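Structure, as structure tokens:
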């Protein structure tokens with residue numbers, strides 16, 4: 001399977017070893033204390049055992065969480081996927097929050113801490129705090145949406161409104177992009193939930209259209225030029241063979257012809273804009289036109 005179950009079970013045993021040993025010592029100590037003390041009320045006799053059990057469980061969960069996410073690359077051989085990496089980062093942070101909430105609930109349950117005063121204070125100041133924290137909550141919610149829907153992952157090149165760049169880090173409150181000027185741009189996560197996001201790294205094809213004016217005296221060579229350019233495009237591995245490229249004379253003006261080139265370029269992961277492919281294609285087409293002196297302006 002995807003998970004290495006043998007390593008995972010061994011990890012669980014190691015994570016449970018210390019909590020089990022510690023809970024055994026505490027249980028023995030508590031029984032010894034009860035034997036020599038008659039001042040412990042009966043209604044409290046079972047409380048320490050419950051507290052020990054719950055505390056050890058939380059301790060085990062924390063140790064297992066730290067060990068699992070620390071060794072997830074060996075436990076999950078498919079960690080090459082950036083999307084899976086992003087999901088696991090979200091799960092790690094959510095597990096931290098869950099453990100803290102569980103610990104707080106345990107303290108409230110066994111210590112007898114009443115939440116009513118806190119709720120009363122929260123009710124009085126909740127409205128003011130709610131208005132003040134609207135942006136914070138919106139950004140945190142946006143971070144949760146990014147982690148669950150994964151419209152992009154670390155390393156992707158994206159554009160959102162006027163902001164674009166490579167994703168460096170996805171946080172709960174904001175996402176860090178690195179733009180073309182090598183500057184770090186901090187974008188609040190709420191921006192991605194209220195705007196259209198274009199993920200250029202997930203493009204399978206990139207449209208390429210070029211219009212080139214030709215001199216009118218090349219009218220007799222126009223068929224040869226368009227055929228040779230079209231043949232070059234069909235033989236080019238950067239052009240998607242499933243979408244046949246086109247090269248044709250689109251319009252005739254009084255002093256020139258207009259040649260149109262249309263093709264679909266295969267998206268390159270390391271070059272989301274396919275700038276290298278475009279440059280190579282343009283230079284090669286220019287070389288073909290040069291043979292016919294089609295680029296001369298004299």
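Numbering (the numbering used here), first residue to last: 1 to 298.
Quick reminder that beta carbons are idealized off the backbone N, C-alpha and C, glycines included.
These figures come from a predicted structure and were not determined experimentally.
Cβ-based neighbour list, residue i, same chain, cut-off 7 Å, excluding 5 preceding and 5 following
| i | result |
| --- | --- |
| residue 181 | none |
| residue 102 | 58 |
| residue 284 | 232 |
Nearest-angstrom Cα separation, counted from residue j out to residue i
| i | j | result |
| --- | --- | --- |
| residue 286 | residue 219 | 18 Å |
| residue 216 | residue 210 | 19 Å |
| residue 63 | residue 148 | 25 Å |
| residue 92 | residue 67 | 11 Å |
| residue 231 | residue 199 | 32 Å |
| residue 59 | residue 171 | 26 Å |
| residue 234 | residue 156 | 29 Å |
| residue 2 | residue 69 | At residue 2 the pLDDT is 45, less than 50, meaning the model places this residue with poor confidence; the figure from the coordinates comes in the next sentence. Going by the C-alpha atoms only, they are around 15 Å apart. |
| residue 236 | residue 229 | 11 Å |
| residue 43 | residue 29 | Per-residue confidence for residue 43 stands at a pLDDT of 49, beneath the threshold of 50, marking its modelled position as unreliable; no derived number is given. |
| residue 254 | residue 164 | 42 Å |
| residue 10 | residue 26 | 25 Å |
| residue 206 | residue 99 | 46 Å |
| residue 139 | residue 145 | 10 Å |
| residue 79 | residue 246 | Here residue 79 scores only 48 on pLDDT, less than 50, and its place in the model should not be relied on; the value that follows carries that caveat. Going from the Cα of residue 79 to the Cα of residue 246 covers about 41 Å. |
Identity of the residues DSSP links to residue i by a beta bridge
| i | result |
| --- | --- |
| residue 259 | 212, 249 |
| residue 102 | Residue 102 pairs with nothing; no bridge assigned. |
| residue 225 | For residue 225, which the question treats as bridged, DSSP gives no partner whatsoever. |
| residue 241 | None; residue 241 has no bridge partner. |
| residue 137 | Beta-bridge pairing links residue 137 to no other residue. |
| residue 266 | 205 |
| residue 279 | Bridge partners of residue 279: none, in fact. |
| residue 159 | 164, 198 |
Limits of the unbroken beta strand (DSSP E) element including residue i
| i | result |
| --- | --- |
| residue 166 | 163–170 |
| residue 186 | 184–188 |
| residue 174 | 174–178 |
Where the alpha helix (DSSP H) containing residue i begins and where it ends
| i | result |
| --- | --- |
| residue 200 | Note, residue 200: premise wrong, no alpha helix (DSSP H); not H, not E. |
Sequence-distant residues of the same chain with beta carbon closer than 6 Å to residue i, five excluded per side
| i | result |
| --- | --- |
| residue 300 | Residue 300 is absent from the model: the chain starts at 1 and stops at 298. |
| residue 152 | 158, 167, 199 |
| residue 16 | 60 |
Residues near residue i in its chain [Cβ-Cβ closer than 8 Å; skip 5 each side]
| i | result |
| --- | --- |
| residue 56 | 19, 20, 22, 23 |
| residue 257 | 213, 214, 215, 216, 218, 219, 222, 249, 251 |
Problem - Cβ contact (3+ pairs, closer than 8 Å) linking the stretch 187–197 and the stretch 167–179 - result: These segments touch.
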